[in-house]
Amino acid sequence: MKKFWIVSLILVVVLALATACGGGDDEPAATPTPTPPATEDVVTPGGDADETPTEVEVDTPTEVDEPDEPEFVPIVMPAGVVYDMSLDSHIQGLDAGTVGGVMIFSGTQFIMTAGSPTYSIVEGPYGNAIRLTNREYDWNGIDFVTEDLGWNIAANSYLMTVTGHVGGGGVGRIGGADGPWTEFVTAPSDDDGNFVVSLVLDADLYAEAGSRNQFRIQTNCTFDLTIYNITVMPYGEGAAAADDNGADEDEDDAPEEVAPPVEVDEPVAAAGGVVWSLATDGAFQGQDIGDTGSGEAIFNPTPHLVNAGGFTATVVAGVGGIGFEVSNRTEYWHAADVLWADLVPDYGIDFSANSYTITFTGTAAAGSYMVIEGRTAPWDNQLATLTTDGNFTISATLSDAAFAAGSEGNAGSFSTGVRIRPNNNMDPYSITSIVITRN
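Our numbering runs 764 ahead of the 1-based position in the sequence shown.
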């Protein structure tokens, strides 16, 4: 009996151990390993199940062409103006401080470098001005190019005027831009270094070697040079009708009826423009070369000239028209005077508000000391002086301030006009042009 119980106990223990180890019919099935789905069950987004996945194509960015350099646009001047640097949209559009000849002149067809000085844009009295520094030679300046002016140089005359500043008492000069480097005209600078130099351009001058298509603006020294303005205006006969820059007009195309003129205010010249000139004075220009008489007789047709003292006046060929010679002078002060009486009201001249320049060209005996002076006491008040070697160009500033500075405190000396003469001899002299421009 004892053996039975021992065997029974052993069986219970074995059964308990078997149950603890997971045996028996109630044993949980092992967790199956997941089986990946068949290939055909994989669906590519946007495609069928049987479709092989394709690469997504990405558009290649289209290459953008570099923008072309802006096309050069020629500068166009207003009607009646052949050229005026103060109206040159390229020069005037540059910022003050712009440096470099290529940068400054690449946008205008009228100005080129002459040599290799340093070119820069500075503020001037008429807008942007061109300053030249580091000038190695006196000919280092600028070349004014006339090829695209649109003028009729074969038939008409034009007045080129350059205003500027040079240090060291230098002399402004316009000459040919190629051999033989002819010097056409010069003008001394005043006490402040300012100068105005004018040259009449015509077919004869234009045909000279070295001047065709361009003229050089320079000085007689290497001091710094500033070009304030360059103007080219119709001059002499036909100037008033040259607002088409010399273009010919078919007479058949002219309108049969002309509208009556519109009344306008007194003419006031723009800065750099011609106010009056001897060549455009129709009353004086009505005389013939060779006409001779007293100064009073020859000057009588125009209210803008008068004789000082007694002398013989003879009509001679001038620049852009006719001029006059003064001879048989018996006193140093016998000379030709320019009067303000009609010039001031007729041409809108205002010496208190504006500054003007009067320029005389002519001939005199070598060594003549030419002066522009007042025409009333004290007569020694002088605005400009020049010793000539024969031909001369002499200019003076006209303004209330200039009259006060040049009159030793007596500006009344210039209140009625100015006188042009040699004051160191009584030799004959001739005046071939007189031009007044507004500065």
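Note that beta-carbon positions come from the ideal geometry of N, C-alpha and C, so glycine has one too.
Straight-line CA distance for Q982 to M924?
C-alpha separation (whole angstroms): 14 Å.
Presumed contact (8 Å Cβ cut-off) between F1115 and L1162, rounded CB distance
The pair is a contact, with the Cβ atoms about 6 Å apart (cut-off 8 Å).
Counting only runs of 3+ residues fully inside the region 911-976, write out the beta strand (DSSP E) ranges in chain order.
Taken in chain order, the complete beta strand (DSSP E) segments of 3 or more residues contained in the region 911-976 are 921-930, 935-940, 947-952, 958-965.
Spatial neighbours of W903 in its chain, beta-carbon cut-off 6 Å, leaving aside the 5 residues before and after:
Short of 6 Å from the beta carbon of W903, and not among the five residues preceding or following it, lie these beta carbons of its own chain, in chain order: Q982.
Beta-carbon contacts of S1058 that lie in its chain and below 8 Å, excluding the five residues immediately before and after:
These residues qualify, in order along the chain: N1071, G1074, F1075, T1076, A1077.
Kindly identify the DSSP beta-bridge partner or partners of S1091.
T1076, per the DSSP bridge assignment.
Minimum C-alpha distance to P1040 - residue among G1126, Y992, G1054, W1104
The question names Pro, but residue 1040 is Trp in the sequence shown. For W1040, the nearest C-alpha among the options comes from W1104.
Return the chain-ordered list of same chain residues with a C-beta closer than 7 Å to the C-beta of N1155, the five sequence neighbours on each side being excluded.
Cβ neighbours of N1155 within its own chain (closer than 7 Å, five residues either side excluded): T1127.
Here's the rule I'm using: 16 or more other beta-carbon atoms within 10 Å means buried, otherwise exposed. How should A1099 be labelled?
Buried, by the Cβ-count rule.
With DSSP run on the structure shown, which of helix, strand or coil describes V1108?
Residue state, collapsed to three classes: helix.
Label Y1193 either buried or exposed according to how many other C-beta atoms from any shown protein chain fall within 10 Å of its C-beta, with 16 as the threshold for buried.
That one is buried.
Under the three-state reduction of DSSP, which class applies to T1157: helix, strand or coil?
T1157 falls in the strand class under three-state DSSP.
Between the CA atoms of E1060 and T1204 - distance to the nearest angstrom:
Here the chain comprises residues numbered 765 to 1203, so residue 1204 is not present and cannot be evaluated.
With burial defined as no fewer than 16 other Cβ atoms inside 10 Å of the residue's Cβ, what is the status of Y999: buried or exposed?
Y999 should be labelled buried.
Measure the alpha-carbon distance for P952 versus G933 and round it to whole angstroms.
Their Cα atoms are separated by approximately 7 Å.
Look at S1159 and S962 and say whether their C-beta atoms are less than 9 Å apart.
In this structure, S962 lies closer than 9 Å to S1159 by Cβ.
At which residues does the beta strand (DSSP E) containing G1126 begin and terminate?
Per DSSP, G1126 belongs to the beta strand (DSSP E) from 1120-1128.
Taking D852 as the reference, which of V840, L989, V1090, T950 has the closest Cα?
Considering only alpha carbons, the answer is V840.
Can you give me the C-alpha to C-alpha distance between N977 and F908, rounded to a whole angstrom?
The alpha-carbon atoms of N977 and F908 are separated by roughly 8 Å.
Would you please state the rounded distance, in angstroms, between the beta carbons of R1093 and E1137? I believe it to be under 8 Å.
About 15 Å separates the Cβ atoms of R1093 and E1137, ruling out a contact at the 8 Å cut-off.
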